[in-house]
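Numbering (this note's numbering), first residue to last: 23 to 320. C-beta atoms are modelled at their ideal positions from N, C-alpha and C, and glycine is treated no differently. Being a predicted model, the structure only gives us computed values, none of them experimental. Shown next, in structure tokens, is the structure this report addresses.
Spelled out as structure tokens, the structure:
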């Protein structure tokens, strides 16, 4: 569906001006959207997973942990596929967040994936400039991620930053000079990013962020000793069909969460770079950007 077609449907959660801002600039931030009881439940479940992660020594199917992670010095980078790990996460994904998704995707919405990323007081927690769509190309670019801050987030603890209007510009090459997937811009391209266009999306716990899969984004390192969790859910319009293997499928992958299946795919003529063959395994953007693994080159 085109933006004009989507905007012709009544808004469920967002205001019309927020929807228009998303389509014009490629992102929005909405402060304090999530009700307190819902937020409290999400935080409690997340705290329990964090405690469980302290017993882990290597990354696995549930946790992505950084080098040196331990109970006394935790470095949990990601809870993988929270939609699969606990009903609280999946209920949130298919509840309020799915209504937000319908405001931006149109009435028919597909779930793609979820993840819960953490920030720590460590330079290694910087997520470098990148675009999402090269990880999972679709027939069109009505693909986006909705984040929910589970802790108050300001410039001190590494907020998400999006480059205004970049969703309408060219996609970047996210392989290095040797053909290895890095999931980020090379140093030369990153140095050319116009930082005056970067919008840092801050807000209290319960605030949400939304960014289009073409939008260039990153998050700076945290200066806080406390972890900053960000729960992320990726959705697509039902007429956006994936044409490469899913990086990390779950039992919920490609499930319709609003509306119904469609009979026609919509095709955007703009090209998209292809990722490695994810059917052979995927770790995380942290591992890729840190050079911890080198997937086979294309």
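Requested in this report: Taking 8 Å as the cut-off, decide whether the C-beta atoms of residue 120 and residue 166 are in contact.
Outcome: The sequence position of residue 120 within the chain shown is 98, counting from 1. The sequence position of residue 166 within the chain shown is 144, counting from 1. No, these two residues do not count as a Cβ contact at 8 Å.
Requested in this report: Report the partner residues of residue 165 according to the DSSP bridge assignment.
Outcome: As a first step, residue 165 is located in the chain shown; it is residue number 143 there, counting from the start. Residue 165 is bridged to 258.
**Report entry** Option in 272, 175 and 153 with minimal Cα separation from residue 238
**Finding:** Numbered from 1 along the chain shown, position 216 holds the residue referred to as residue 238. Measuring from the Cα of residue 238, the nearest candidate turns out to be 153.
**Report entry** Sequence-distant residues of its chain with Cβ nearer than 8 Å to residue 186 (five each side left out)
**Finding:** For the purposes of this step, residue 186 is taken as the residue at position 164 of the chain shown. Excluding positions up to five away in sequence, the list reads 47, 48, 49, 219, 220 and 221.
Query raised in the report: Where are the alpha helix (DSSP H) runs, 4 residues long or more, that stay fully inside the region 110-184, in chain order?
Result: 118-127
Requested in this report: Could you please give the first and the last residue of the uninterrupted alpha helix (DSSP H) stretch that includes residue 34?
Outcome: By 1-based counting over the chain shown, the position of residue 34 is 12. No alpha helix (DSSP H) contains residue 34, which DSSP labels as neither H nor E.
Query raised in the report: Does the region 133-144 come close enough to the region 202-212 to have 3 or more Cβ pairs within less than 8 Å?
Result: These segments do not touch.
Requested in this report: To the nearest angstrom, report how far apart residue 212 and residue 242 are at their CA atoms.
Outcome: To locate residue 212, count along the chain shown from 1; it is residue 190. To locate residue 242, count along the chain shown from 1; it is residue 220. Computed Cα separation, rounded: 13 Å.
Query raised in the report: Below 8 Å between beta carbons: does that hold for residue 128 and residue 31?
Result: As a position in the chain shown, residue 128 is number 106, starting the count at 1. As a position in the chain shown, residue 31 is number 9, starting the count at 1. Closer than 8 Å, so yes.
Requested in this report: Return the CA-CA distance between residue 293 and residue 262, expressed in angstroms with no decimal places.
Outcome: Taking the first residue of the chain shown as position 1, residue 293 is located at position 271. Taking the first residue of the chain shown as position 1, residue 262 is located at position 240. The straight-line gap from Cα to Cα measures roughly 14 Å.
Query raised in the report: CA-CA distance, residue 83 and residue 105?
Result: Taking the chain shown and counting its residues from 1, the one referred to as residue 83 is at position 61. Taking the chain shown and counting its residues from 1, the one referred to as residue 105 is at position 83. Distance between the alpha carbons of residue 83 and residue 105: 13 Å.
Query raised in the report: Between which two residues does the alpha helix (DSSP H) containing residue 61 stretch?
Result: Along the chain shown, one-based indexing puts residue 61 at 39. First-last of the alpha helix (DSSP H) with residue 61: 58-75.
Requested in this report: Only counting runs of 3 or more residues, tell me where the beta strand (DSSP E) segments fall wholly within the region 261-305, in order along the chain.
Outcome: For the region 261-305, whole beta strand (DSSP E) runs of length 3 or above, ordered along the chain, are 278-280.
Query raised in the report: Terminal residues of the continuous beta strand (DSSP E) containing residue 221?
Result: Locating residue 221 in the chain shown gives position 199, counting from the first residue. Here the beta strand (DSSP E) through residue 221 covers 220-223.
**Report entry** 8 Å Cβ cutoff met for residue 61 and residue 227
**Finding:** By one-based count along the chain shown, residue 61 stands at place 39. By one-based count along the chain shown, residue 227 stands at place 205. Contact flag set, yes.
Requested in this report: Measure the alpha-carbon distance for residue 36 versus residue 202 and round it to whole angstroms.
Outcome: Looking up residue 36 in the chain shown gives position 14. Looking up residue 202 in the chain shown gives position 180. Spanning the two alpha carbons is a distance of roughly 40 Å.
Query raised in the report: Sorted by chain position, which residues of the same chain lie with C-beta nearer than 6 Å to residue 40's C-beta, five sequence neighbours on each side aside?
Result: What you label residue 40 is simply residue 18 of the chain shown in a count that begins at 1. Here the set comprises 50.
Requested in this report: Output the boundary residues of the beta strand (DSSP E) element that contains residue 98.
Outcome: As a position in the chain shown, residue 98 is number 76, starting the count at 1. Note, residue 98: beta strand (DSSP E), 98-102.
Query raised in the report: If you run the structure through DSSP and keep just helix, strand and coil, what is residue 195?
Result: Counting from 1 along the chain shown, the entry for residue 195 is found at position 173. The answer is coil: DSSP assigns residue 195 none of H, G, I, E or B.
Requested in this report: Please confirm whether any heavy atom of the ligand SAM lies closer than 7 Å to the CB of residue 220.
Outcome: Here there are no bound small molecules, and the ligand SAM is not part of this structure.
Requested in this report: Could you check the C-alpha separation between residue 175 and residue 250 for me, to the nearest Å?
Outcome: The sequence position of residue 175 within the chain shown is 153, counting from 1. The sequence position of residue 250 within the chain shown is 228, counting from 1. So the two alpha carbons sit approximately 7 Å from each other.
Query - Beta-carbon contacts of residue 288 that lie in its chain and below 6 Å, excluding the five residues immediately before and after - result: The residue labelled residue 288 in the question sits at position 266 within the chain shown. Result list for residue 288: 162 and 261, in chain order.
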